[in-house]
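*Asks:* The structure under discussion is supplied below as structure tokens; questions concerning it will follow.
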Amino acid sequence: MKLLMIEDNKSVCEMMSMFFEKEKWDVEYAYDGISAVEKFKEKSDEWDMITLDLNLPGMDGMQVNAEIRKISSTVP
62 MKLLMIEDNK SVCEMMSMFF EKEKWDVEYA YDGISAVEKF KEKSDEWDMI TLDLNLPGMD
122 GMQVNAEIRK ISSTVP
């Protein structure tokens with residue numbers, strides 16, 4: 062399973078990723094909204110799940126969600 066974790070706080074990323082990696086998830090990170098959308102576009106058909114912080118630099122979480130939904134409406 063492949064997870065895109067969109068979170069600007071690296072400590073939160075480390076804490077959350079420990080859980081997912083323990084369950085054998087492949088976790089990739091984006092630390093701001095703009096890079097999150099770019100990363101999603103690069104592999105839009107590979108993501109099984111996204112975690113999304115609403116307070117992000119560059120583009121907030123609601124804007125990121127809207128951009129991701131334009132690309133794919135099926136990723137949870």
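Taking the numbering used here, the leading residue of the sequence shown gets 62, the next gets one more, and so forth.
Cβ coordinates follow ideal geometry from the N, Cα and C atoms, glycine included.
Between which two residues does the alpha helix (DSSP H) harbouring residue 131 extend?
*Replies:* Where residue 131 is concerned, the enclosing alpha helix (DSSP H) stretches over 122-132.
*Asks:* In chain order, what are the residue ranges of uninterrupted beta strand (DSSP E) at least 3 long that sit wholly in the segment 66-128?
*Replies:* 87-91, 110-113, all fully within the segment 66-128.
*Asks:* With residue 110 and residue 137 assumed to form a contact (beta carbons below 8 Å), what rounded beta-carbon distance in angstroms separates them?
*Replies:* Yes, they are in contact, since the Cβ atoms of residue 110 and residue 137 sit about 5 Å apart, within 8 Å.
*Asks:* With a cut-off of 8 Å on the beta carbons, I'd call residue 115 and residue 69 a contact; round off their distance for me.
*Replies:* Contact flag wrong, Cβ pair sits at about 11 Å.
*Asks:* Within a Cβ cutoff of 7 Å, which residues of the same chain sit near residue 88, ignoring the five residues on either side of it in sequence?
*Replies:* Closer than 7 Å at Cβ, skipping near neighbours: 64, 66, 78, 81, 82.
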